[in-house]
Amino acid sequence: MNYPEIERLIKIIKTLRSENGCAWDREQTHRTLRKNMLEEAYEAVDAIDDNDVNHLKEELGDVLLQVVLHAQIAEDTNEFNIEDVAKGISDKLIRRHPHVFGDTKVKTTQDIVQNWELIKQKEKQHRKSLMDGISKSQSALMSAQKISKKAVSVGFEWPNEETLIDCVKSEIVEFREAIKKKDNINAEEELGDLLFAVVNLARWNKIDAEQALLKANKKFMKRFRKMEEIAQKDLNDYSFEEYEKLWNKAKELVYKDND
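Yeah, the sequence shown ends on 293 if you go by the working numbering, and it's all consecutive.
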């Protein structure tokens, strides 16, 4: 099976980075394109969340552009090329799927996940701690989820959900105490502990905390826009009681819109 458009894209990027190409493209480095990689990935995720296939196709093209561009930058400096990138991920996929490309027998998807982690550990023997290898660039919420999962993988877990809920409650108490004392430094630390405990509560219930918060953000924005739409005066002029009534009305209207 041939993919001429992928070869065409690689040639286009090579031309753009050449002496007779584009000055802007020639100036780019891995560091200058860092922000672009993050933005394009997030936009692709937005398209997935919106269930917009056409938009997803476009955004995946933008992500692919970043991959090919970074590979070309590396080739220009004799570090690696797009073939090395493809070979690396292909080899990794074969190694980590011995039940497909080898003789390993599995019964459940849990077996597959466990095998993946065992193989990964063998590949990463240079890592001294279970906490090594966690991305420093991903969101704090995503990092918290991964840290929690890694700790749990060796049995560092709450005995039951009730003790975890008690932990969340105790962190709220400690946060409020720090606020009462006007100890902002400690309050920040306690708030962090509270957020981390809530992430663990999400993990316990097999809920993706990042996705849960993204959905909450979207829900809030939708209701706030509705509130702006139906407001009878400038929002700055509303009292707390008026705001509460306006918010509840907006929630009701948004619910009807979605029904």
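Ideal Cβ placement from N, Cα and C applies to all residues, glycine included.
Computed from a prediction, not measured in an experiment: that's the story for all the values here.
Fill in: Backbone CA spacing between residue 97 and residue 256 [nearest angstrom]
Taking the straight line joining both Cα atoms gives about 28 Å.
Discussion item. Quick check: what's the CA-CA separation for residue 267 versus residue 254?
Written reply: Annotation: residue 267 to residue 254 spans about 20 Å, alpha carbon to alpha carbon.
Practice prompt. Taking the CB atoms as reference points, tell me whether residue 44 and residue 103 lie closer together than 8 Å.
Written response: No; because the gap between Cβ atoms is not below 8 Å, this pair is not in contact.
Item to complete: Return yes when the Cβ of residue 234 is within less than 8 Å of the Cβ of residue 177, no when it is not.
Response: In this structure, residue 234 does not lie closer than 8 Å to residue 177 by Cβ.
Discussion item. Could you give the first and the last residue of the continuous alpha helix (DSSP H) run that contains residue 201?
Written reply: From DSSP, the alpha helix (DSSP H) with residue 201 extends over 195 to 214.
Practice prompt. Find the nearest neighbour of residue 111 within the set 62, 127, 231, judged by alpha-carbon distance.
Written response: Selected option, being the one with the closest Cα: 62.
Practice prompt. Would you mind working out which of 81, 51, 89 sits nearest residue 109, comparing C-alpha positions?
Written response: The candidate whose alpha carbon is nearest that of residue 109 is 51.
Worksheet item: Do residue 146 and residue 135 have their C-beta atoms within less than 8 Å of each other?
Response: Their beta carbons are not under 8 Å apart, which means residue 146 does not touch residue 135 by this criterion.
Item to complete: Give the DSSP-derived three-state secondary structure of residue 143 in the structure shown.
Response: Of the three classes helix, strand and coil, the one that applies to residue 143 here is helix, per DSSP.
Worksheet item: Among 264, 271, 290, which residue has its Cα nearest to the Cα of residue 281?
Response: Closest in C-alpha terms to residue 281, from the list 264, 271, 290, comes 264.
Worksheet entry | N- and C-terminal bounds of the alpha helix (DSSP H) containing residue 104 | 87 to 110 is the extent of the alpha helix (DSSP H) around residue 104.
Worksheet entry | residue 250 classed as buried or exposed, judged by whether at least 16 other C-beta atoms fall within 10 angstroms | So residue 250 ends up on the exposed side.
Worksheet entry | Which of helix, strand or coil DSSP assigns to residue 265 | Reduced to three states, the DSSP call for residue 265 is coil.
Item to complete: Tell me whether residue 205 is buried or exposed, calling it buried when 16 or more other Cβ atoms sit within 10 Å of its Cβ.
Response: That one is buried.
Fill in: N-terminal and C-terminal residue of the alpha helix (DSSP H) that residue 277 is part of
Its alpha helix (DSSP H) spans residues 274 to 292.
Fill in: Endpoints, alpha helix (DSSP H) assigned at residue 79
Per DSSP, the unbroken alpha helix (DSSP H) holding residue 79 starts and ends at 68 to 83.
Worksheet entry | Continuous alpha helix (DSSP H) stretch holding residue 232: start and end | 218 to 238 is the span of the alpha helix (DSSP H), which, as asked, contains residue 232.
Worksheet item: Which ranges does the alpha helix (DSSP H) cover as unbroken runs of at least 4 residues, wholly within the segment 118 to 174, from first to last along the chain?
Response: If only uninterrupted alpha helix (DSSP H) runs of at least 4 residues are considered, those enclosed by the segment 118 to 174 are 132 to 135, 143 to 157.
Worksheet item: Since residue 175 contacts residue 228 with CB under 8 Å, what's their CB separation in whole angstroms?
Response: At roughly 13 Å, the Cβ-Cβ gap does not stay under 8 Å, so residue 175 and residue 228 are not in contact.
Worksheet item: Is the Cβ-Cβ distance between residue 232 and residue 202 less than 8 Å?
Response: Here residue 232 is near residue 202, since their CB atoms are less than 8 Å apart.
Worksheet item: Which class does residue 58 belong to by DSSP, given the choice of helix, strand or coil?
Response: In the structure shown, residue 58 falls within a helical segment according to DSSP collapsed to helix, strand and coil.
Worksheet item: Going straight from the alpha carbon of residue 222 to that of residue 193, what length do you get?
Response: If I take the Cα positions, the gap works out to 27 Å.
Worksheet item: Helix or strand or just coil, what does DSSP make of residue 42?
Response: Correct three-state label for residue 42: helix.
Discussion item. Does residue 63 come out as helix, strand or coil in the three-state DSSP assignment?
Written reply: In the structure shown, residue 63 sits in coil (DSSP, three-state: anything other than H, G, I, E or B).
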